[in-house]
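For reference, the structure discussed in these notes is given below.
See the structure below:
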């Protein structure tokens, strides 16, 4: 065979082999904490706990006891986790973190149902100084978001537009607060408020509504019907699927974007449930690790925050519930 033909054939074979190589392997993040000691707890959490004349351990025991004594709640968690293909301990970890560091758990699940009904009866709206969210997102600054048909990308885009064009700025003679999108438009009682068993914000619920509709068959939420959104995040039967969807999305995006499988580490999913922004955090970690590899360094594993650290520290006790 002609030497040039042989070289060409060899080159083509090499190119084919490279093309057929699998994508970069996904690294399974092991169980447990990367930090030997718990990272610092925010001052706001410590202040709330002091004002309630309680301790983190007492609050942990309260939510743990609710989970331990309420077999129906555990059954609901298992069922929802199965639907979304995640370990139920991820949902439990998010519940434990929220009710240890942010709010006290109610003693009985029934209290959450009662609260859900009371919110529906209040006739709430999502607005800022009389401008409803439905009217606000029709401003021309949001036109680029119209390309997104799924709720997650649509509301994430709108949140990004808020940050870039409105937060802390005056637009058309109207000043806007230097605060988060969710705090300005989606929390009519007071900023920083989240609700229900899962302590979800209305904005997160709106982002996840398409996934929940697809997996659980629940009706899609509409920002122009605030009472329905509040009822959803207050009612345990409705909020658990939204918690599961949020946790599943974090697992999926870290695998897809950062090449890390965090499904065996509930402390990490709890951390992302606490901080939000799983997409941007996954991208930042991926970019950082590309730079580390280029410099001959080992990639950095994702790390838990104070909230996720507790979940991993208590993991044996939490797994024993199931």
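Residue numbers (my numbering): 112 to 433. From the three backbone atoms N, C-alpha and C, an ideal C-beta is built for every residue, glycine too.
If you run the structure through DSSP and keep just helix, strand and coil, what is residue i?
| i | result |
| --- | --- |
| residue 281 | strand |
| residue 297 | coil |
| residue 287 | coil |
| residue 275 | helix |
| residue 311 | strand |
| residue 140 | coil |
| residue 424 | helix |
| residue 333 | coil |
| residue 261 | coil |
| residue 410 | coil |
| residue 118 | Since pLDDT at residue 118 reaches only 40, below the 50 mark, its modelled position is unreliable, and no value is offered. |
| residue 269 | helix |
| residue 252 | helix |
| residue 292 | helix |
Count the other CB atoms within 10 Å of the CB of residue i; is the residue buried (16 or more) or exposed (fewer)?
| i | result |
| --- | --- |
| residue 302 | In this prediction, residue 302 scores a pLDDT of 42, lower than 50, which makes its location untrustworthy; the coordinate-derived value is nonetheless stated afterwards. When all chains shown are included, residue 302 counts as exposed. |
| residue 309 | buried |
| residue 188 | buried |
| residue 170 | buried |
| residue 183 | exposed |
| residue 158 | exposed |
| residue 205 | buried |
| residue 176 | exposed |
| residue 260 | exposed |
| residue 285 | exposed |
| residue 377 | buried |
| residue 342 | buried |
| residue 404 | exposed |
| residue 280 | exposed |
| residue 249 | exposed |
So which of the options has the shortest CA-CA distance to residue i?
| i | options | result |
| --- | --- | --- |
| residue 433 | 371, 146 and 202 | 202 |
| residue 298 | 337, 168 and 397 | 337 |
| residue 137 | 256, 373 and 271 | 373 |
| residue 431 | 141, 140, 154 and 198 | 198 |
| residue 276 | 266, 164 and 287 | 287 |
| residue 268 | 278, 256 and 262 | 256 |
| residue 327 | 295, 378, 246 and 352 | 352 |
| residue 194 | 355, 320 and 383 | 355 |
| residue 421 | 379, 329, 265 and 317 | 379 |
| residue 415 | 145, 141 and 140 | 145 |
| residue 245 | 383, 333 and 364 | 333 |
| residue 53 | 273, 238 and 236 | With the chain represented from 112 up to 433, any question about residue 53 goes unanswered, as that position is not in the structure. |
Start and end of the alpha helix (DSSP H) containing residue i?
| i | result |
| --- | --- |
| residue 391 | 389-405 |
| residue 168 | 167-180 |
| residue 359 | 347-369 |
| residue 209 | 199-212 |
| residue 385 | 377-386 |
| residue 158 | 154-162 |
In the DSSP output, what is residue i paired with across the bridge?
| i | result |
| --- | --- |
| residue 239 | 242 |
| residue 372 | 139 |
Confirm the yes/no value for this check: CB of residue i, any heavy atom of the ligand NAP, distance under 7 Å.
| i | result |
| --- | --- |
| residue 407 | You won't find the ligand NAP in this model; it holds no ligand whatsoever. |
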